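First the structure, in the form of C-alpha cells, and then the observations on it.
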Amino acid sequence: MLGSIQSTAAAFSALLAGAATGLAWAIAVLSPNCSFDRLDYSRADGHVRQLLRDGSGLISGLLLAAAALGVLGGAYGAGILAVISAGGFFTNRWTLAPRKKSEGAPGLRQRKKSQRIVAVSLSLLFAAVSGIAAVLAVLRI
Numbered sequence: 664m665l666g667s668i669q670s671t672a673a674a675f676s677a678l679l680a681g682a683a684t685g686l687a688w689a690i691a692v693l694s695p696n697c698s699f700d701r702l703d704y705s706r707a708d709g710h711v712r713q714l715l716r717d718g719s720g721l722i723s724g725l726l727l728a729a730a731a732l733g734v735l736g737g738a739y740g741a742g743i744l745a746v747i748s749a750g751g752f753f754t755n756r757w758t759l760a761p762r763k764k765s766e767g768a769p770g771l772r773q774r775k776k777s778q779r780i781v782a783v784s785l786s787l788l789f790a791a792v793s794g795i796a797a798v799l800a801v802l803r804i
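Note that this note's numbering has the sequence shown beginning at 664, numbered continuously upward.
Spelled out as C-alpha cells, the structure:
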C-alpha cells in the first residue's frame, strides 16, 4: 500500500515539475518572440515583464508542490532540486519589482531592459533545473 502511494506521489512530482518546465519555456522563450514581433518595443517589454513577474509565482507554486510530492514519494534529490528551482523562480518577482527613482541627474532615464534580461536568464537556468528534477522524480532519485 505504501509503495503504491510513493510511486503515485513520485509520478505526480514528475508531472508537476515537467509542467513547470514547460510553462517556464513558454513564458521565457515563446511569449517574448510573439510579443516583440507583434507589438512596439515598449509595450512588448512591459508585456514580457508582466508575464515573467506573474508567471513566476505560479511556477514556484508548482515546483513547491512537486518538491513535497517528491519527498513523499522517496525522490529526495528531485525534491531538493524542485525547492531550489522554486526559490530561483521566486527571485524573478524581486528582480522585476518596481524600484524607487534613482538619485541621478534630473531627466535621466531608468533602463529596465537589463532587469528583463536577468529575469529571462534566471528563468531559463531554473527551467533546466526543474527539468532535471522531473527526470530525477521519474527515476525516484
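Built from N, CA and C at the ideal position, the CB exists for glycine as well.
Since the structure is predicted, the reported quantities are computational estimates derived from the model, not experimental observations.
Same chain, Cβ closer than 8 angstroms to residue i, neighbours up to 5 away in sequence not counted
i: residue 670; result: 736 and 803
Residue i beta carbon near the ligand PLP (any heavy atom closer than 8 angstroms)
i: residue 674; result: Among the ligands in the structure shown, none appear at all, so the ligand PLP cannot be discussed.
Nonlocal neighbours in the same chain, by C-beta distance under 7 angstroms from residue i, ignoring five residues either side
i: residue 755; result: 715, 716, 719, 782, 785 and 786
i: residue 748; result: 726, 789, 792, 793 and 796
Residue i classed as buried or exposed, judged by whether at least 16 other C-beta atoms fall within 10 angstroms
i: residue 711; result: buried
i: residue 665; result: exposed
i: residue 730; result: buried
i: residue 792; result: buried
i: residue 689; result: exposed
Assigned secondary structure, residue i (DSSP; H/G/I helix, E/B strand, else coil)
i: residue 795; result: helix
i: residue 761; result: coil
i: residue 780; result: helix
i: residue 737; result: coil
i: residue 702; result: coil
Other residues of its chain near residue i: CB distance less than 6 angstroms, five sequence neighbours each side excluded
i: residue 699; result: 707
### Query
Counting pairs of beta carbons, one from the segment 670-681 and one from the segment 722-739, are three or more of them closer than 8 angstroms?
Between the segment 670-681 and the segment 722-739, the count of C-beta pairs closer than 8 angstroms reaches three or more; the two stretches touch.
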